[in-house]
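Trainee: Chains as they are written, first to last, in the numbering used here: chain A, 88 to 296; chain B, 255 to 350; chain C, 4 to 257. Idealized CB from N, CA, C, for every residue including glycine. Handing you this structure, nothing more for now.
In structure tokens form, the structure reads like this:
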């Protein structure tokens, strides 16, 4: 394999993390620390009015469940502080959210025993896929507040999925529902070269990894 | 900035097909910016250069300037470039 | 990890090594880099190059930069780069690169945002900030070819000190060969300023376009917001959309 020409003096944006070893251990392989919150989007920001917004659980459930915005806000919710990592290599520590655990949401539906995978679908036709086992037991939540304020549209508001242990493309912005399936179905980026599971600690970025 | 306040941060960042010219030329073997494509969603014909490009994402999405439908999706992994062209009903390559 | 060594075969899609021959400071935040390329095939005014930088561990980034120079210069091209405060590439180019350094480029690229004298005019160029770069290649080419095609450049900058290529534009306009350069400064204006003093809008475009008429070929380049405003306004004024060509540079700029 031939070698790439190395540009003298270029290191890129990656910096060294301040705060020593315990900070460094929180940064997954190949990532760099950022203090801002980059806005990445594959399309125009959706603008569903709150009086038309609903969140659904459908697919392999006994009966589909649907909440209006008011009903959704009435669900038991809590604060979450988590580290997040984007496949474009930035990691942000101690992000603060408020929202509903996916456990709580799924408890309102009777899951068919064959339900093994979940497709998160969003306004703007975005989808991402997760095994159900990856979103239970506090591993995922639907957030509607970030940093003590209503979640801004460019960051996925009114509500987005957050799955801290996966690259952030799995944390679907503008989420409108979860569809339970017995078979897996690669989502928007998973179907075009990105890793199906996207575990940042195993550095599963691309489908060959 | 008055003008910027009327545009959300995502809209301000939108580029066009010119920004993908090198990537698409390397993938297809020649310049694609002047190739007209018909949007599979609404039928509008646009040059690839006129498609609206969302480049700040895990990959790039090129959208129809009329209906915002996805025309092209592009991902560059370490080894390869993936192009999903299902959003284009066709591209028209004029023979010279 | 797959990598490729820079090629010495002349091809617009192959990476080749450019050597920095000279660096010129245009404004406090803008520099021009003259690059010598042994296997350059020539370019058309308005085209760009992709630049690729690679760190020792293999991490690499790419950026596109419009070619500022005219095709009439052989084996040398010039790119003009605005230093973006939290950018990854432009601070490196400004702060680290010195003459003699080399980096990979690919190009020339693009057939859409191109103007040559053979396409004719009248020619209406609209620029915001560093969006003037590809239009400068067109103006330099126009001057070299001795063309008298009626041409107007409407150029938006924030402050007078930030006007890129100001002296050269004054000189080109001073040649009285059919080129007018009209400036607008959006944030501050020096004492005695007689140019426009606001963001480009419908009324300004109508006024500046008027002597050229709606048969003009139009090229608009700069921040996305400016490009959208200008393109929409010009189509409303009656220009056929196919004669209004646009290149969006993203959120930075005026």
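#1: For the beta strand (DSSP E) containing residue 218/A, list its first residue and its last residue.
#2: For residue 325/B, does the three-state DSSP call read helix, strand or coil?
#3: Between which two residues does the beta strand (DSSP E) carrying residue 227/C extend?
#4: Would residue 301/B pass as an interface residue toward chain D - the criterion being a Cβ-Cβ separation below 8 angstroms?
#5: Report yes or no: is there a C-beta of chain B within less than 8 angstroms of the C-beta of residue 281/A?
#6: Since residue 36/C and residue 97/A are thought to touch, with beta carbons under 8 angstroms apart, how far apart are those beta carbons, to the nearest angstrom?
#7: Using a beta-carbon distance below 8 angstroms, is residue 311/B in contact with chain A?
#8: Are residue 218/C and residue 189/C closer than 8 angstroms when you measure CB to CB?
#9: In this structure, what does DSSP give as the bridge partners for residue 318/B?
#10: Hey, does residue 93/A have any beta-carbon neighbour from chain C nearer than 8 angstroms?
#11: Are the C-beta atoms of residue 327/B and some chain A residue less than 8 angstroms apart?
#12: Can you name the residues of chain B whose CB is closer than 9 angstroms to the CB of residue 168/C?
#13: Which residues mark the beginning and the end of the beta strand (DSSP E) in which residue 156/A is found?
#14: Which residues in the same chain have their Cβ closer than 6 angstroms to the Cβ of residue 126/A, if we skip the five residues on either side of it in sequence?
#15: Should residue 257/C go down as buried or exposed, given a rule of 16 or more other Cβ atoms within 10 Å for buried?
#16: Classify residue 49/C as buried or exposed, calling it buried when 16 or more other Cβ atoms lie within 10 Å of its own Cβ.
#17: If we count the other Cβ atoms within 10 Å of its Cβ and call it buried at 16 or more, is residue 304/B buried or exposed?
#18: Spell out the partners DSSP gives residue 146/A in its beta bridges.
#19: Any beta carbon from chain C within less than 8 angstroms of residue 99/A's own beta carbon?
#20: Less than 7 angstroms between C-beta atoms, sequence neighbours within five positions excluded: which residues of the same chain meet that for residue 251/A?
#21: Relative to the alpha-carbon of residue 287/A, which residue among 255/A, 183/A, 182/A and 218/A has its alpha-carbon at the smallest distance?
#22: When the Cα atoms are used, what is the spatial distance from residue 4/C to residue 61/C?
#23: Find the nearest neighbour of residue 259/C within the set 94/A, 231/A, 294/A and 211/A, judged by alpha-carbon distance.
#24: If I follow the unbroken alpha helix (DSSP H) through residue 142/C, where does it start and stop?
#25: Please report the distance separating the alpha-carbon of residue 283/B from that of residue 277/B.
#26: Between 99/A, 114/A, 91/A and 101/A, which lies nearest to residue 289/A when the distance is taken from Cα to Cα?
#27: Which residue's Cα is closest to the Cα of residue 308/B: 136/A, 139/A, 130/A and 140/A?
#28: Is residue 260/A helix, strand or coil when you go by DSSP?
#29: Answer with buried or exposed for residue 270/B, where buried requires no fewer than 16 other C-beta atoms within 10 angstroms of its C-beta.
#30: Which residues of chain A have a Cβ atom closer than 9 angstroms to the Cβ of residue 63/C, listed in chain order?
#31: Please list, in chain order, all residues of the same chain as residue 319/B whose beta carbon is under 8 angstroms from its beta carbon, the five residues on each side excluded.
#32: Between residue 45/C and residue 52/C, what straight-line distance do the alpha-carbon atoms span, to the nearest angstrom?
#33: Does any residue of chain A have a CB that is nearer than 8 angstroms to the CB of residue 265/B?
#34: Would you be able to state if there are at least three C-beta pairs under 8 angstroms between the stretch 327-342 of chain B and the stretch 143-156 of chain A?
#35: Under three-state DSSP, which class holds residue 276/C?
#36: Taking residue 174/C as part of the alpha helix (DSSP H), name the residues at either end of that continuous run.
Mentor: In brief:
#1: Residue mapping note: residue 218/A aligns to position 131 of the first chain, counting from 1. Residues 214-218.
#2: Within the second chain, numbered from 1, the residue matching residue 325/B stands at position 71. Three-state result, residue 325/B: strand.
#3: Start at 1 with the first residue of the third chain, and residue 227/C comes out as number 224. No beta strand (DSSP E) holds residue 227/C; the alpha helix (DSSP H) holding it covers 227-239.
#4: Note that chain D does not occur in the displayed structure, where the protein chains are A, B and C.
#5: Here residue 281/A corresponds to residue number 194 of the first chain, with the count starting at 1. Interface residue, yes.
#6: Locating residue 36/C in the third chain gives position 33, counting from the first residue. Locating residue 97/A in the first chain gives position 10, counting from the first residue. That pair is no contact at about 15 angstroms.
#7: Mapped onto the second chain, residue 311/B falls at position 57. Judged by the 8 angstroms Cβ criterion, residue 311/B is in contact with chain A.
#8: One-based indexing of the third chain puts residue 218/C at position 215. One-based indexing of the third chain puts residue 189/C at position 186. No, the pair does not count as a contact, with Cβ atoms beyond the cut-off.
#9: Taking the first residue of the second chain as position 1, residue 318/B is located at position 64. Per DSSP, none; premise fails for residue 318/B.
#10: Position 6 of the first chain, counted from the first residue, corresponds to residue 93/A. Yes, residue 93/A counts as interfacial toward chain C.
#11: As a first step, residue 327/B is located in the second chain; it is residue number 73 there, counting from the start. Answer yes: the Cβ-Cβ gap between residue 327/B and chain A drops below 8 angstroms somewhere.
#12: In the third chain, the residue the question calls residue 168/C occupies position 165. Ordered by position in chain B, no residue passes the 9 angstroms Cβ test against residue 168/C, which lies about 21 angstroms from the chain.
#13: Your numbering for residue 156/A matches position 69 in the first chain. Counting along the chain, residue 156/A falls outside any beta strand (DSSP E), though it belongs to the alpha helix (DSSP H) covering 156-160.
#14: Your numbering for residue 126/A matches position 39 in the first chain. Take residue 126/A, set aside five residues on each side of it, and the residues of its chain with a beta-carbon closer than 6 angstroms to its own are 241, in chain order.
#15: Looking up residue 257/C in the third chain gives position 254. With a pLDDT of 34 at residue 257/C, under the threshold of 50, the modelled position of that residue is not reliable, and the figure given next carries that caveat. Per the 10 Å Cβ criterion, buried.
#16: Mapped onto the third chain, residue 49/C falls at position 46. The residue in question, residue 49/C, is buried, as its Cβ has 16 or more Cβ neighbours within 10 Å.
#17: On the second chain, position 50 is the one that residue 304/B refers to. The residue in question, residue 304/B, is buried, as its Cβ has 16 or more Cβ neighbours within 10 Å.
#18: Taking the first chain and counting its residues from 1, one reaches residue 146/A at position 59. Looking at the DSSP assignment, residue 146/A forms a beta bridge with 267/A.
#19: For the purposes of this step, residue 99/A is taken as the residue at position 12 of the first chain. Taking Cβ atoms only, chain C reaches closer than 8 angstroms to residue 99/A, which makes this a yes.
#20: Taking the first chain and counting its residues from 1, one reaches residue 251/A at position 164. Cβ within range, chain order: 169, 170 and 171.
#21: By 1-based counting over the first chain, the position of residue 287/A is 200. Residue 287/A has its Cα closest to that of 255/A, out of 255/A, 183/A, 182/A and 218/A.
#22: Numbered from its first residue, the third chain carries residue 4/C at position 1. Numbered from its first residue, the third chain carries residue 61/C at position 58. The predicted model places residue 4/C with a pLDDT of 40, which falls under 50 and marks its position as unreliable; any figure quoted below should be read in that light. If you take the alpha carbons of residue 4/C and residue 61/C, they lie about 8 angstroms apart.
#23: There is no way to answer for residue 259/C, as the model of chain C reaches only from 4 to 257.
#24: Here residue 142/C is taken as the residue at index 139 of the third chain, counted from 1. Segment 135-147, the alpha helix (DSSP H) holding residue 142/C.
#25: Your numbering for residue 283/B matches position 29 in the second chain. Your numbering for residue 277/B matches position 23 in the second chain. Roughly 10 angstroms between the two C-alpha positions.
#26: Counted from its first residue, the first chain places residue 289/A at position 202. Comparing Cα-Cα distances from residue 289/A to each of 99/A, 114/A, 91/A and 101/A, the minimum goes to 114/A.
#27: The residue given as residue 308/B occupies position 54 in the second chain. Ranking the options by Cα distance to residue 308/B, first place goes to 130/A.
#28: Within the first chain, the letter at position 173 stands for residue 260/A. Residue state, collapsed to three classes: coil.
#29: Here residue 270/B refers to the residue found at position 16 of the second chain. Buried.
#30: Within the third chain, the letter at position 60 stands for residue 63/C. Those within 9 angstroms of residue 63/C in chain A are 91, 94, 97 and 99.
#31: For the purposes of this step, residue 319/B is taken as the residue at position 65 of the second chain. 298, 300, 304, 305 and 306.
#32: By 1-based counting over the third chain, the position of residue 45/C is 42. By 1-based counting over the third chain, the position of residue 52/C is 49. Looking at the two C-alpha atoms, the distance is approximately 12 angstroms.
#33: Taking the first residue of the second chain as position 1, residue 265/B is located at position 11. For residue 265/B, the answer is yes, since a Cβ of chain A falls inside 8 angstroms of its Cβ.
#34: no
#35: With chain C represented from 4 up to 257, any question about residue 276/C goes unanswered, as that position is not in the structure.
#36: Start at 1 with the first residue of the third chain, and residue 174/C comes out as number 171. 169-177 is the extent of the alpha helix (DSSP H) around residue 174/C.
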